[in-house]
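2 protein chains.
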Amino acid sequence: MSSRLASLEAYEKLINDYDTWLFDCDGVLWRGDHLIDGVIEVLDILRRRNKKVVFVTNNATKSRKSYKTKFDQLGIEAHVDEIYGSAYAAAVYISSVLQIPKTKKVYVVGQGGLEEELRDEGIQFIGGTDPADNTIAPFDLSQFTPDPDVAAVVCGLDTQINYTKLSKAFQYLISNPGCHFIATNEDSTYPTSAGLLPGAGAISAPLRYALGKSPVCTGKPSSTMLDCVKAKVHFDPKRTIMVGDRLNTDILFGKNGGLTTLLVLTGITTEEEIIGPNPSPIVPDFHTQALGDFRIVERPL
Amino acid sequence: MSSRLASLEAYEKLINDYDTWLFDCDGVLWRGDHLIDGVIEVLDILRRRNKKVVFVTNNATKSRKSYKTKFDQLGIEAHVDEIYGSAYAAAVYISSVLQIPKTKKVYVVGQGGLEEELRDEGIQFIGGTDPADNTIAPFDLSQFTPDPDVAAVVCGLDTQINYTKLSKAFQYLISNPGCHFIATNEDSTYPTSAGLLPGAGAISAPLRYALGKSPVCTGKPSSTMLDCVKAKVHFDPKRTIMVGDRLNTDILFGKNGGLTTLLVLTGITTEEEIIGPNPSPIVPDFHTQALGDFRIVERPL
Numbered sequence: 015m016s017s018r019l020a021s022l023e024a025y026e027k028l029i030n031d032y033d034t035w036l037f038d039c040d041g042v043l044w045r046g047d048h049l050i051d052g053v054i055e056v057l058d059i060l061r062r063r064n065k066k067v068v069f070v071t072n073n074a075t076k077s078r079k080s081y082k083t084k085f086d087q088l089g090i091e092a093h094v095d096e097i098y099g100s101a102y103a104a105a106v107y108i109s110s111v112l113q114i115p116k117t118k119k120v121y122v123v124g125q126g127g128l129e130e131e132l133r134d135e136g137i138q139f140i141g142g143t144d145p146a147d148n149t150i151a152p153f154d155l156s157q158f159t160p161d162p163d164v165a166a167v168v169c170g171l172d173t174q175i176n177y178t179k180l181s182k183a184f185q186y187l188i189s190n191p192g193c194h195f196i197a198t199n200e201d202s203t204y205p206t207s208a209g210l211l212p213g214a215g216a217i218s219a220p221l222r223y224a225l226g227k228s229p230v231c232t233g234k235p236s237s238t239m240l241d242c243v244k245a246k247v248h249f250d251p252k253r254t255i256m257v258g259d260r261l262n263t264d265i266l267f268g269k270n271g272g273l274t275t276l277l278v279l280t281g282i283t284t285e286e287e288i289i290g291p292n293p294s295p296i297v298p299d300f301h302t303q304a305l306g307d308f309r310i311v312e313r314p315l
Numbered sequence: 015m016s017s018r019l020a021s022l023e024a025y026e027k028l029i030n031d032y033d034t035w036l037f038d039c040d041g042v043l044w045r046g047d048h049l050i051d052g053v054i055e056v057l058d059i060l061r062r063r064n065k066k067v068v069f070v071t072n073n074a075t076k077s078r079k080s081y082k083t084k085f086d087q088l089g090i091e092a093h094v095d096e097i098y099g100s101a102y103a104a105a106v107y108i109s110s111v112l113q114i115p116k117t118k119k120v121y122v123v124g125q126g127g128l129e130e131e132l133r134d135e136g137i138q139f140i141g142g143t144d145p146a147d148n149t150i151a152p153f154d155l156s157q158f159t160p161d162p163d164v165a166a167v168v169c170g171l172d173t174q175i176n177y178t179k180l181s182k183a184f185q186y187l188i189s190n191p192g193c194h195f196i197a198t199n200e201d202s203t204y205p206t207s208a209g210l211l212p213g214a215g216a217i218s219a220p221l222r223y224a225l226g227k228s229p230v231c232t233g234k235p236s237s238t239m240l241d242c243v244k245a246k247v248h249f250d251p252k253r254t255i256m257v258g259d260r261l262n263t264d265i266l267f268g269k270n271g272g273l274t275t276l277l278v279l280t281g282i283t284t285e286e287e288i289i290g291p292n293p294s295p296i297v298p299d300f301h302t303q304a305l306g307d308f309r310i311v312e313r314p315l
């Protein structure tokens, strides 16, 4: 059962026990374009106490570089090398795990941020933001000449999703021998300030359904994401805590990686889901209302 | 185990044993725009022997009226009242089973044929072919005013699928109390003369995934489709045979309805899938290479 942080001592102990703090962003630091109360102060406390801070996001519409500007706009201190995104994890997976030859290509169902991460890893790609594929004009399969060099299809959240992209991706997956099917993440929904929209998992869902098979996912809760962090940051899993708002991505990700987990209730999950009569099977080690609750350590009651 | 028709007597017996013949269209009568060999002759034999002929299609992009023109173009005799489509079944389900009040509306993710069937049943709808929803421009949830009268979302194959339609449909399903989630059919793929494309099931898949729940499907293999036929055609299930090319739609539909089933191999299913080492759990009563094989009864060897 999850332990609810409730005293100054409990918050102090958590800060003392963990040296590396991994944070999900949306629902933890902000919600859509709104900064969540107390976040800047708490991150500042952690940094002053020499904690290593890492941001781990499933948002694949932005590259790490452009995600950094989101932090800047909201006034949150962050460095590009502290930010890990599912698009970056997908690019690293393709280049380092699959080791697709440099002559091969990836067909992208996704946005500019995913393309930027692929480009930075030296991976050739087609589709994505190409105007030819961003259309709702009818798709004529008989006029389509598939590129035999496409060795993988990678899907991220794509708000320009359409039948041409889905059809091309489907053709590559059924026709190009051994073509890999990769999704940046499987989030069912995407939180905006105005409410929920279909998430990246909903964008790959048509292909998943048409193929009758699931993609390899590189974002949380997959260990691929943690492997990317490990390649750059030295940390002891026993002294590392993952802070998130989603049980099936953030908390599961922490558990899969052997980390301690802390759920905040400023995002998608309600307290009832973890301590109610029908709790989720994914149980965080700790939970608290909001990240801002940690301000108590410098503002004793 | 499925019995392969192999002799004049076997074909003759089938024709003698069944008075009502239900046919799937794509993969049985034609493939894309190509008529399958022998179809016109066999339908003509059945009609001359006073068999009742019914066409049962999951294609929801066309109304029955516009589907009739497809028969005309290929030179196949058919009457509008012999044609039953999944779009028609969806409209009948909404008006007769759900009995949504006439003041309520349906949000359509689908094409003109689905709209035409809804209109014919006197059901108000929005979305569908409305140019405002057929765009890949960004969708801004904060600018969206949901219509409180939307009581159902119905999805069919929609080759103009996009994020605006998916987002609006998702909003209605999570925000309008009791909003029904209906799909015309769950076909994973859609056969064209040039090959397979993602089918209607792939169009509702993002909503299914984002919601974590499945729609009510009105096309084959659902009994809703057979209920629509029963409402208009008197037939004895014991003397009725369903002819199709897909195990999980056509053959399952026949079985669910207590009909005898005949698989043809001119569509999506190979003989290996029914008599190979790992056969499908859905087994037709009979199979034959093509509908045209029945010509043998008037062309003895």
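Just so you know, the sequences run in chain order A and B.
Residue 123 in this note's numbering sits at position 109 of the first sequence, with consecutive numbering throughout.
Residue 117 in this note's numbering sits at position 103 of the second sequence, with consecutive numbering throughout.
By construction, the Cβ of each residue, glycine as well, lies at the ideal position given by its N, Cα and C atoms.
Using a Cβ-Cβ distance cut-off of 7 Å, determine whether residue 220 of chain A contacts chain B. Here residue 220 of chain A refers to the residue found at position 206 of the first sequence. It does: the Cβ of residue 220 of chain A has a partner Cβ on chain B nearer than 7 Å.
Closest Cα partner of residue 237 of chain A within the set A:44, A:65 and A:103: Translated into positions along the first sequence, residue 237 of chain A becomes position 223. Nearest option by C-alpha distance: A:103.
Proximity winner among A:176, A:164 and A:263, relative to residue 203 of chain A (alpha-carbon distances): Counting from 1 along the first sequence, the entry for residue 203 of chain A is found at position 189. Comparing Cα-Cα distances from residue 203 of chain A to each of A:176, A:164 and A:263, the minimum goes to A:263.
Host alpha helix (DSSP H) of residue 138 of chain B (start-end): Translated into the one-based positions of the second sequence, residue 138 of chain B becomes position 124. Not the alpha helix (DSSP H): residue 138 of chain B falls in the beta strand (DSSP E), residues 138-141.
So residue 265 of chain A contacts chain B; which residues on that side make the cut at Cβ distance below 7 Å? For the purposes of this step, residue 265 of chain A is identified with residue 251 of the first sequence, where counting begins at 1. By Cβ distance, chain B contributes nothing, its closest Cβ being about 17 Å from residue 265 of chain A, past 7 Å.
Considering Cα atoms alone, identify which of A:210, A:219, A:178 and A:138 is closest to residue 170 of chain A. Within the first sequence, the letter at position 156 stands for residue 170 of chain A. If we check each option's Cα against that of residue 170 of chain A, A:219 comes out closest.
Looking at the strands, I want to know which residues DSSP matches up with residue 66 of chain B. Position 52 of the second sequence, counting from 1, holds the residue named residue 66 of chain B. Paired residue(s): B:34.
What residues in the region 155-169 of chain B have a beta carbon less than 9 Å from any beta carbon of chain A? 155, 156, 157 and 158
Could you check where the beta strand (DSSP E) with residue 169 of chain A kicks off and where it finishes? Sequence index remark: in the first sequence, residue 169 of chain A carries index 155 (1-based). It spans 164-169 - the beta strand (DSSP E) in which residue 169 of chain A sits, taken as one unbroken run.
Taking 7 Å as the cut-off, decide whether the C-beta atoms of residue 166 of chain A and residue 111 of chain A are in contact. Within the first sequence, residue 166 of chain A is the residue found at index 152, counting from 1. Within the first sequence, residue 111 of chain A is the residue found at index 97, counting from 1. The answer is no: Cβ separation not under 7 Å.
Residues bridged to residue 45 of chain B (per DSSP): Walking along the second sequence from the start, residue 45 of chain B turns up at place 31. Paired residues: B:48.
Any C-beta of chain B under 7 Å from that of residue 148 of chain A: In the first sequence, counting from the first residue as 1, residue 148 of chain A sits at position 134. At least one chain B Cβ lies under 7 Å of residue 148 of chain A.
Along the chain, where does the alpha helix (DSSP H) containing residue 223 of chain B start, and where does it finish? In the second sequence, residue 223 of chain B corresponds to position 209, counting from 1. Note, residue 223 of chain B: alpha helix (DSSP H), 214-225.
Any Cβ of chain A within less than 7 Å of the Cβ of residue 184 of chain B? Translated into the one-based positions of the second sequence, residue 184 of chain B becomes position 170. Interface residue, yes.
Exposed or buried, residue 320 of chain B, counting other C-beta atoms within 10 Å across all chains shown (16 or more means buried)? Look at the range of chain B in this structure, 15 to 315, and you will see that residue 320 of chain B is not part of it.
Helix, strand or coil at residue 209 of chain B [DSSP, three-state]: The residue you call residue 209 of chain B lines up with position 195 of the second sequence. If DSSP states are grouped into helix, strand and coil, residue 209 of chain B belongs with the strands.
For the region 217-235 of chain A and the region 140-155 of chain A, state whether three or more C-beta atom pairs, one from each stretch, are separated by less than 8 Å. no
Inter-residue spacing [alpha-carbon to alpha-carbon] between residue 216 of chain B and residue 92 of chain B: Counting from 1 along the second sequence, the entry for residue 216 of chain B is found at position 202. Counting from 1 along the second sequence, the entry for residue 92 of chain B is found at position 78. So the alpha carbons of these two residues sit roughly 30 Å apart.
What runs of the alpha helix (DSSP H), each 4 residues or longer, lie entirely inside the region 83-122 of chain A? 100-106
Report yes or no: do three or more beta-carbon pairs, one from the region 127-140 of chain A and one from the region 147-158 of chain B, lie closer than 8 Å? no
Could you check which residue in A:47, A:255, A:284 and A:208 has the C-alpha nearest to that of residue 84 of chain A? Indexing the first sequence from 1 puts residue 84 of chain A at position 70. Looking at the Cα atoms, A:47 is the closest of the given residues.
Would a C-beta distance cut-off of 7 Å place residue 198 of chain A and residue 105 of chain A closer than the cut-off? Counting from 1 along the first sequence, the entry for residue 198 of chain A is found at position 184. Counting from 1 along the first sequence, the entry for residue 105 of chain A is found at position 91. Not a contact, by the Cβ cut-off of 7 Å.
Looking at the strands, I want to know which residues DSSP matches up with residue 239 of chain B. Within the second sequence, residue 239 of chain B is the residue found at index 225, counting from 1. Bridge partners of residue 239 of chain B: none, in fact.
Return the residue from the list B:122, B:21 and B:54 that minimises the CA-CA distance to residue 75 of chain B. Working through the second sequence from its first residue, we reach residue 75 of chain B at position 61. It is B:122.
Smallest Cα separation from residue 187 of chain A: which of A:161, A:207, A:211 and A:212? If you number the first sequence from 1, residue 187 of chain A lands on position 173. For residue 187 of chain A, the nearest C-alpha among the options comes from A:161.
For residue 54 of chain B, does the three-state DSSP call read helix, strand or coil? On the second sequence, residue 54 of chain B is found 40 positions in, with the first residue counted as 1. Residue 54 of chain B: helix per DSSP, three-state reduction.
According to DSSP, residues forming a beta bridge with residue 195 of chain A: In the first sequence, counting from the first residue as 1, residue 195 of chain A sits at position 181. In DSSP, residue 195 of chain A forms a bridge with A:167.
Quick one: which chain B residues come within Cβ less than 7 Å of residue 126 of chain A? Along the first sequence, one-based indexing puts residue 126 of chain A at 112. Simply none; closest approach about 13 Å.
Could you tell me which chain B residues have their CB closer than 7 Å to the CB of residue 203 of chain A, listed as they occur along the chain? Within the first sequence, residue 203 of chain A is the residue found at index 189, counting from 1. Under the 7 Å cutoff, chain B gives 224.
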